[in-house]
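A short write-up of the structure that comes next.
Pasting the structure below:
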């Protein structure tokens, strides 16, 4: 979708309002519908009749009041991927914090895009609903009083790109429940279709907000004949390098500027699967010059090859230390390299067979969703719902890691498998300080970037590689650490981090909302 540059004036108008930050109200209705994105008619999930769902466009510090009506035949939740939910894990929209919304009922989310800018997404966190749709863009624009480190673009395009199956989400659930992993997807979609056109004027510069909303496949994104200048990644302004193409892994987002400076004709916008041995999946759209004199070429440009290309590109993304993000102070004014870490959390993914069925695990423990959300049980002092680390028993557990508010921790993701992995932490962003081939050791810290690593909420872990991140635990609550590969998450590759302070204070965390849904052992 193209958004005219006047969207950037939203920040200006909101700045004229004194007092409390702006409130925005939405009513979204979730239903089933029919679409044929790969040429085969199939059931999809619609929000207000749209597939993908509507853009949720807002400005830094806006308060979002969103009434979600569930007209499906199953329980449902939306999660806000990358939105930090300051002091408010109650609105996170995952089964560890929220009871799901029953069929033919509703729930009103209330959250704030506090001190954030950037490109994000929302999607269903329940079952395999994400495989049927229900996802969309969540774009947070900067306030007018905070400068951005590039000229205001002439327009704005959102690209939601992801792998796709023609099987229904229920069929995929049955497959996973029977002990089979997800098969190779059948296609890639750009904004819910396999062909679309985006139009612009010659000589003008446009912002492209690109997100991977797929289930398991990384992709490479490129525009034929055009350079891509990356300016922001998941809320961080980065050094503005230019690239021929960009790798975007599952759950990640990137924001780039593209100038229409080529001969006036049509050009391919391309997304191709990466790190797969199966036949190459590619989706294309069209970048149309308003004065186009020729149609798009028959063959789109090919993707890069090999892991090392992607590794080197990832290492080239650096924090812009002199630019601000959502706040007026420069990003580099927080010297994350001087944090004293209190513990190292080692996270090794694995794919065990448990009780004859395929599962996925963290450190040998496959997560099991309890009948009562962890956050609800914690608040109401309901015992026996989850186990803190050190008390996990067996291969199946409802695993929670105990941490203290204002601690800083190091998380090391170790990937012993031949496939790329991606990991996401709700409620936070983190500094990706290093990654390397083979097994992580304590000497690996000697190569950490403690100066200009940038923050993001989802990191890739390359095949037979490790990735290390630093996290400042300044957001109290119960937060989901999970594989972004949704079949792996569904079959247990996740846990929760409890960021806790024994002294109750509204300065640290909000009370349970009055409209909180109750379920499981929390029912009267």
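Numbering (mature numbering (1 follows the signal peptide of the UniProt record, and there is no 0)), first residue to last: -19 to -1, 1 to 505.
All C-beta atoms in this analysis are idealised placements derived from N, C-alpha and C, irrespective of residue type, glycine included.
Residue range of the unbroken alpha helix (DSSP H) whose run includes residue 288: Residue numbering aside, residue 288 sits at position 307 when the chain shown is read from its first letter. It spans 288 to 297 - the alpha helix (DSSP H) in which residue 288 sits, taken as one unbroken run.
Kindly indicate which three-state DSSP category residue 409 falls into: helix, strand or coil? Working through the chain shown from its first residue, we reach residue 409 at position 428. In this structure, residue 409 counts as coil in the three-state DSSP scheme.
What are the boundary residues of the beta strand (DSSP E) that residue 118 is part of? Taking the chain shown and counting its residues from 1, the one referred to as residue 118 is at position 137. First-last of the beta strand (DSSP E) with residue 118: 117 to 122.
Use the C-beta contact count for residue 478: other C-beta atoms within 10 angstroms, 16 or more gives buried, fewer gives exposed. The sequence position of residue 478 within the chain shown is 497, counting from 1. Residue 478 is buried by the Cβ-count criterion.
Go ahead and label residue 403 buried or exposed: buried means 16 or more other beta carbons lie within 10 angstroms of its beta carbon, across all protein chains shown. Within the chain shown, numbered from 1, the residue matching residue 403 stands at position 422. Looking at its Cβ environment, which holds 16 or more other Cβ atoms inside 10 Å, residue 403 is buried.
Rounded to whole angstroms, how far is the Cβ of residue 134 from the Cβ of residue 188, which I believe are closer than 8 Å? The residue given as residue 134 occupies position 153 in the chain shown. The residue given as residue 188 occupies position 207 in the chain shown. Residue 134 to residue 188, Cβ: 4 Å. Contact.
Scan the region 131 to 215 and note each continuous beta strand (DSSP E) run of 3 residues or more that stays entirely inside, going in chain order. 136 to 145, 168 to 171, 178 to 181, 186 to 193, 199 to 204 and 209 to 214
In the DSSP assignment, what residue or residues form a beta bridge with residue 226? Within the chain shown, the letter at position 245 stands for residue 226. Beta-bridge pairing links residue 226 to 203.
Once the 5 residues before and after residue 331 are set aside, which same chain residues still bring their CB inside 6 Å of it? Locating residue 331 in the chain shown gives position 350, counting from the first residue. If we look at residue 331 and ignore the five residues flanking it on each side, its Cβ neighbours are 342.
Do residue 306 and residue 405 count as a contact pair if the criterion is CB distance below 7 Å? Position 424 of the chain shown, counted from the start, is the residue given in the question as residue 405. Position 325 of the chain shown, counted from the start, is the residue given in the question as residue 306. Their beta carbons are not under 7 Å apart, which means residue 405 does not touch residue 306 by this criterion.
Tell me which same chain residues have a C-beta within less than 7 Å of the C-beta of residue 54, skipping the five on either side of it? On the chain shown, residue 54 is found 73 positions in, with the first residue counted as 1. The residues are 84.
Mind pulling the beta strand (DSSP E) runs of 3 or more residues that sit fully within the region 10 to 53? 23 to 28, 37 to 40 and 44 to 51
By the 10 Å Cβ neighbour count, where 16 or more other Cβ atoms means buried, how is residue 488 classified, buried or exposed? In the chain shown, counting from the first residue as 1, residue 488 sits at position 507. So residue 488 ends up on the exposed side.
Ranges of the alpha helix (DSSP H) found wholly within the region 334 to 400, counting only runs of at least 4: 355 to 360
Distance CB(residue 202)-CB(residue 191) smaller than 7 Å: Start at 1 with the first residue of the chain shown, and residue 202 comes out as number 221. Start at 1 with the first residue of the chain shown, and residue 191 comes out as number 210. Yes.
Residue 375 CB to nearest heavy atom of the ligand ZN below 6 Å: Absence of the ligand ZN from the depicted structure is noted, as is the absence of any ligand whatsoever, leaving it without description.
Close Cβ partners of residue 324 (< 7 Å) along its chain, the five nearest in sequence each way excluded: To locate residue 324, count along the chain shown from 1; it is residue 343. Cβ neighbours of residue 324 beyond the five flanking positions: 390.
Assess, as a yes-or-no matter, whether the region 366 to 386 is touched by the region 463 to 470 under the definition of 3 or more beta carbon pairs within less than 8 Å. no
Anticipated Cβ contact below 8 Å, residue 414 with residue 451, distance rounded: Working through the chain shown from its first residue, we reach residue 414 at position 433. Working through the chain shown from its first residue, we reach residue 451 at position 470. Indeed, because the Cβ distance is near 6 Å, the residues count as touching under 8 Å.
To the nearest angstrom, how far is the alpha carbon of residue 115 from that of residue 454? As a first step, residue 115 is located in the chain shown; it is residue number 134 there, counting from the start. As a first step, residue 454 is located in the chain shown; it is residue number 473 there, counting from the start. Cα to Cα, the separation comes out at about 30 Å.
On the DSSP letters alone, give me the boundaries of the beta strand (DSSP E) that residue 467 sits inside. For this step, residue 467 is matched to residue 486 along the chain shown. Unbroken run through residue 467 is the alpha helix (DSSP H), 467 to 471; no beta strand (DSSP E).
7 Å CB neighbourhood of residue 283 in its chain, flanking five on each side removed: As a first step, residue 283 must be located in the chain shown, where it is residue number 302. Here the set comprises nothing.
Residues near residue 256 by beta carbon distance below 6 Å, same chain, minus five either side: For this step, residue 256 is matched to residue 275 along the chain shown. Counting only Cβ-Cβ distances below 6 Å, and skipping sequence neighbours, we find 199 and 401.
Whole-Å CB distance - residue 69 paired with residue 409, under 8 Å assumed: Working through the chain shown from its first residue, we reach residue 69 at position 88. Working through the chain shown from its first residue, we reach residue 409 at position 428. Going by Cβ atoms, the distance from residue 69 to residue 409 rounds to 13 Å, so no, they are not a contact pair.
Check residue 275 in the structure and name its three-state DSSP category. On the chain shown, residue 275 is found 294 positions in, with the first residue counted as 1. If DSSP states are grouped into helix, strand and coil, residue 275 belongs with coil.
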